[in-house]
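Heads up: the sequence shown begins at 1 in the UniProt record's numbering, then just goes up one per residue. In this text, a Cβ means the ideal position worked out from N, Cα and C, and glycines have one as well. What follows is a set of notes on a single structure, which appears directly below.
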Amino acid sequence: MTKQVHLAAHFPGVNNTTVWSDPASGSQIDFGSFVHFAQTAERGRFDFLFLAEGLRLREQNGAIYDLDVVGRPDTFTVLAALGAVTERLGLTGTINSTFNEPFEVARQFASLDHLTGGRAAWNVVTSWDAFTGENFRRGGFLPQDQRYERARTFLQTTWELFDSWRGDEVVADQEAGVFLRDPHPGAFAHTDAHFDIAGQFSVPRSPQDRPVVFQAGDSEEGREFAASSADAIFSRHGTKEAGQAFYRDVKGRLGRYGRTPDQLLILPAATFVVGDTDAEAAELAHEIRRQQVSGQTALRFLEQVWNRDLSGYDPDGPLPDVDPLVGETHVAQGRAQVRTYRDPLATARQWRELAAQKGYSIRELMTEVQSRQSFVGSPHTVAAEIDDLVQSDASDGFILVPHLVPGGLDPFVDSVVPLLQERGVHRTEYEGTTLREHLGLAPLP
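Right, here's the structure in full:
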């Protein structure tokens, strides 16, 4: 059976794939940028728009990392506003379970789901460092096992709040003068190791009953959390072999929770460069990678492994002859990427071998290992690659991350989407009105 390709768009504002210095780049916070981006995704009949969120500006060597895009307006404010200028596009926000409270988050998502007619989704994340925690009253941070335990109970608690309204309490019978059938709507009480709350939930049952739940995490705990609770999981495994392994692993966990493979979507993030020909796209991709990795940025990337101030090194020269510093403190704070390099000394050895083999400078090496695009080619090439990965169970679709805002998504929607539609693997019109319907998820019981 041919699978449908699920497509979503990530508005890039907190990651190093964005080329803010390009003349075609616009504002990362002007509402017009969000509107153009969202309406382009809806024109392409995408499932949803996705906003990441950083709760503290990242630092390197004690300074704000100004070579990255920093700052973004509040997620709920942006998504609510976008709900008024779109009709069918799902709206997904990243909201932290470590530094928020269940009642507040449930009320915000239930409100968003009402305002958008059932298009809200929540990307549940945990915070991993004390640096971010300093922005909040609770301070500090939780060990990884406790973060996921709090996230699990946080999600369970919000579900109880969403479900505290059955959906038939509001009668609004004007002739009889009866508004509520139940004098105690939304009553709830929840007590566990993290939360002790009780009262009445203030928002009636929303169009989707509760928002779609996304999760991003490649750890054992993250995969298990997604298998038990999420409707979709974001993945960083974009190649066929790695994608198929991740797909088998996560979907294979669903049975122990009484779930079937169609109840969890696997959606890797993917960058792209589209040209009239494969050769033109490859040339453009090379130029974009050079824009993304300036000499100064290359040194910052290298510092994230070396854990040293390398500002005195020549980015067009060889790698440092000193080894990375291994310890609890790190020159890069608030950047989750540093956790990718669990063994900095081994990474340094691998990079030195690659640099020696290829004759790479620091900048050339960082360009090679940090910024390779997922899909590069003509529209036909890109459409074929995406379709192949989905049909071969390496993913259920992709979350596209353009290198420019607000217009970076346009080439894909204008040239690749029509080819996917011709293949019969992407919708030409929305069939449903809710995000749950777009994703092919069954209604909640």
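If you draw a straight line from the Cα of residue 71 to the Cα of residue 291, it is about 21 Å long. For residue 424, no alpha helix (DSSP H) segment is defined, and its DSSP state is neither H nor E. Measuring C-alpha to C-alpha distances from residue 165 to each of 154, 151, 182, 175 identifies 182 as the nearest. Taking 8 Å as the cut-off, the beta carbon of residue 119 is found closer than this to the beta carbon of residue 434. Taken through DSSP and simplified to helix, strand or coil, residue 51 comes out as strand.
Assignment of beta-bridge partners to residue 411 by DSSP yields no partner. Sequence-distant Cβ neighbours of residue 421 in its own chain, meaning closer than 7 Å and more than five residues away, are 428.
The Cβ neighbour count for residue 8, taken over all protein chains shown within 10 Å, is at least 16; the residue is labelled buried. Apart from sequence neighbours up to five positions away, the residues of its chain that approach residue 254 with a beta-carbon distance below 8 Å are 227, 260, 261, 263, 264, ordered along the chain. Within the region 202–289, complete alpha helix (DSSP H) segments of at least 4 residues are found at 220–229, 240–252, given in chain order. Annotation for residue 111: 203 place their beta carbon closer than 7 Å to its own, counting only its chain and skipping 5 residues before and after. In this structure residue 36 is in contact with residue 407, their Cβ atoms being roughly 7 Å apart against a cut-off of 8 Å. Taking C-beta separations shorter than 6 Å and ignoring five residues to either side along the sequence, the partners of residue 295 in its chain run 315, 363, following chain order. Scanning its chain for C-beta atoms nearer than 7 Å, with the 5 sequence neighbours on each side dropped, one finds around residue 158 the residues 102, 105, 106, in chain order.
Of the candidates 46, 30, 31, 26, the residue whose Cα lies closest to the Cα of residue 412 is 46. Counted as a single uninterrupted DSSP element, the stretch harbouring residue 77 is not any beta strand (DSSP E) but the alpha helix (DSSP H) occupying residues 75–83. Proximity of the region 213–231 to the region 183–190 falls short of the contact definition, fewer than three beta-carbon pairs being nearer than 8 Å. Taking 8 Å as the upper bound for CB-CB distance, residue 289 and residue 239 are not in contact here, some 18 Å apart. By the 16-neighbour rule on beta-carbons within 10 angstroms, residue 358 is exposed. Here residue 94 is near residue 123, since their CB atoms are less than 8 Å apart.
With a cutoff of 8 Å on beta-carbon distance, residue 318 and residue 348 are scored as not near each other. Here residue 43 has 413 as same chain residues with Cβ atoms under 7 Å from its own Cβ, once five neighbours each way along the sequence are excluded. Beta-carbon to beta-carbon, residue 243 and residue 268 are separated by about 6 Å, close enough to satisfy the 8 Å threshold.
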